[in-house]
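Novice: In numbering that gives the first Met the number 0, the protein residues as written are 0 to 292.
The beta carbon of each residue, even a glycine, is placed where N, CA and C say it ideally should be.
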Amino acid sequence: MIRLQKLLAAAGLGSRRAIEEWIRAGRVSVGGRIVQLGDRATSADDVRLDGVKLDLDRARAAPPELLLYYKPVGEVTTRSDPQRRPTVFRRLPPPRTGRWIAVGRLDVNTAGLLLLTTDGELAHRLMHPSSEVQREYLVRVRGRPGPQVLRQLLSGVHLEDGPARFDRISAEGRDGGGGGGRHSAFRVVLHEGRNREVRRLWSAVGFEVSRLLRIRYGSVELPRDLRPGEARVADPALIGGLERFIRASGRPRPRSGPPGELTREAPVSGLRRGAPTQRRRADRPPGGRPPSK
């Protein structure tokens with residue numbers, strides 16, 4: 000017997016977080032009894048959600064799927080929105096079985112790569128802080144941050160929810176995308192996904208983010224030929240690559256950690272899809288940790 004939230008997540012019925020919310024709300028029963036967090040069950044038990052029996056064996060038998068979605072600005076990463084804003088789920092193709100589970104979120108003003116899977120346990124491990132899965136972004140900020148500011152972002156700043164820093168910053172040169180040189184472009188990498196963390200890090204050192212695009216999550220990069228609002232079901236081998244990446248990434252280290260790395264890349268014109276270092280297509284198995292940028 001295993002914990003119920005892990006059992007249901009492994010069957011692709013939702014993320015662990017969502018399932019825990021169902022349990023807290025009294026929506027899940029086992030053998031006619033409303034369960035609590037921490038209760039255990041097996042796939043042979045009579046598990047029901049809102050009174051509807053869940054076929055766990057059938058759900059677990061289906062191979063997991065992974066979807067790559069190019070989220071545009073203006074969409075929210077939720078199934079329903081009180082403000083009636085468009086959600087990412089309205090555009091997605093249906094999975095073979097189960098439901099799509101978003102691996103983390105991108106805020107409404109952030110574009111780029113969003114991963115979704117039918118495997119709730121995989122989604123949980125990709126999001127969990129202990130896995131330390133890297134996220135890479137192209138970011139445009141107003142103004143010209145100097146070396147001291149960049150060193151501060153790499154050594155760490157204090158946010159309202161604790162210390163944070165970038166693992167790596169690649170200076171992309173002065174941005175030419177309609178800013179008349181008043182903007183600067185960077186490629187940044189960090190290994191956690193707290194709410195609006197990239198924007199809050201820059202704000203903490205006095206700079207406003209004017210555009211933000213996620214180009215990588217773990218070993219998966221935003222495909223060059225994927226357009227905003229488009230989705231692509233990934234080759235099954237990509238899931239194995241993510242599993243290997245999680246195992247390689249999740250090595251304990253202090254949260255404050257050593258200072259990150261500052262490098263310089265060739266200048267780019269604005270923040271466009273298909274940046275120079277996006278080498279790998281989504282349908283190729285990564286085979287492990289991507290090369291350093």
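How would you call Gln4, buried or exposed, if buried means at least 16 neighbouring beta carbons within 10 angstroms?
Specialist: Buried: at least 16 other Cβ atoms inside 10 Å.
Novice: Using DSSP bridges, identify the partner residues of Gly161.
Specialist: Note: Gly161 sits in a beta bridge opposite Leu158.
Novice: When the Cα of Glu135 is compared with those of Gly192, Glu159, Arg124, which residue comes out closest?
Specialist: Per the Cα distances, Gly192.
Novice: Please confirm whether Leu66 and Trp21 have their CB atoms less than 8 Å apart.
Specialist: No, these two residues do not count as a Cβ contact at 8 Å.
Novice: With a 10 Å radius around its C-beta and 16 neighbouring C-beta atoms as the bar for buried, classify Leu220 as buried or exposed.
Specialist: The question names Leu, but residue 220 is Glu in the sequence shown. It is buried - the Cβ of Glu220 has at least 16 other Cβ atoms within 10 Å.
Novice: Can you tell which of Arg95, Glu131, Tyr68 has the C-alpha that lies nearest to the C-alpha of Thr86?
Specialist: Measuring from the Cα of Thr86, the nearest candidate turns out to be Tyr68.
Novice: By DSSP's criteria, His182 is part of a beta bridge. Which residues make up the other side?
Specialist: In the DSSP output, where bridge partners are listed per residue, His182 has Arg141.
Novice: Helix, strand or coil: which one does DSSP assign to Glu135?
Specialist: DSSP places Glu135 in strand when its eight states are reduced to three.
Novice: Flag Leu36 as yes if its beta-carbon sits less than 8 Å from any beta-carbon of chain C, otherwise no.
Specialist: No chain C appears in this structure, which consists of one protein chain only.
Novice: Going by C-alpha to C-alpha distance, which of Arg164, Asp166, Leu7, Val204 sits closest to Val27?
Specialist: Comparing Cα-Cα distances from Val27 to each of Arg164, Asp166, Leu7, Val204, the minimum goes to Leu7.
Novice: Buried or exposed for Ala122, please, with buried defined as at least 16 other CB atoms from any protein chain shown within 10 angstroms of its CB.
Specialist: The residue is buried, with at least 16 neighbouring Cβ atoms inside 10 Å.
Novice: Take Asp44 as the anchor and find which of Pro62, Val29, Thr96 has the nearest alpha-carbon.
Specialist: Selected option, being the one with the closest Cα: Val29.
Novice: Would a C-beta distance cut-off of 8 Å place Pro144 and Gly155 closer than the cut-off?
Specialist: For Pro144 and Gly155, no; Cβs fall outside 8 Å.
Novice: By the three-class DSSP mapping on this structure, what secondary structure does Val87 have?
Specialist: If DSSP states are grouped into helix, strand and coil, Val87 belongs with the helices.
Novice: Between Glu19 and Gly119, what straight-line distance do the alpha-carbon atoms span, to the nearest angstrom?
Specialist: C-alpha separation (whole angstroms): 12 Å.
Novice: Going by DSSP, which residues form a beta bridge with Gly111?
Specialist: Looking at the DSSP assignment, Gly111 forms a beta bridge with Lys70, Arg213.
Novice: Would you kindly check if the distance between the Cβ of Tyr216 and the Cβ of Val138 is under 8 Å?
Specialist: Not a contact, by the Cβ cut-off of 8 Å.
Novice: Kindly confirm or deny that the region 107-117 and the region 206-213 touch, where touching means at least three C-beta pairs closer than 8 Å.
Specialist: Counting Cβ pairs under 8 Å, three or more are found: they touch.
Novice: Using DSSP bridges, identify the partner residues of Ile294.
Specialist: There is no way to answer for residue 294, as the model of the chain reaches only from 0 to 292.
Novice: Tell me where the alpha helix (DSSP H) around Val34 begins and ends.
Specialist: Unbroken run through Val34: none, as it is neither H nor E.
Novice: Count the other CB atoms, across all protein chains shown, that sit within 10 Å of the CB of Leu270; report buried if there are 16 or more and exposed otherwise.
Specialist: The predicted model places Leu270 with a pLDDT of 44, which falls under 50 and marks its position as unreliable; any figure quoted below should be read in that light. Burial call: buried.
Novice: Can you give me the C-alpha to C-alpha distance between Val140 and Phe185, rounded to a whole angstrom?
Specialist: So the two alpha carbons sit approximately 8 Å from each other.
Novice: On the DSSP bridge list, what partners appear for Lys52?
Specialist: Beta-bridge pairing links Lys52 to Arg47.
Novice: Could you tell me the alpha carbon to alpha carbon distance between Asp38 and Val75, rounded to whole angstroms?
Specialist: Rounded to whole angstroms, Asp38 to Val75 spans 33 Å at the Cα level.
Novice: Are the beta-carbon atoms belonging to Ser79 and Ile245 less than 8 Å from one another?
Specialist: Their beta carbons are not under 8 Å apart, which means Ser79 does not touch Ile245 by this criterion.
Novice: Kindly indicate the opening and closing residues of the beta strand (DSSP E) around Arg231.
Specialist: Unbroken beta strand (DSSP E) run through Arg231: 230-232.
Novice: If you follow the beta strand (DSSP E) that Ser28 is in, where does it begin and where does it stop?
Specialist: Per DSSP, Ser28 belongs to the beta strand (DSSP E) from 27-29.
Novice: May I ask you to report which of helix, strand or coil DSSP gives Val188?
Specialist: In the structure shown, Val188 sits in a strand (DSSP, three-state: E or B).
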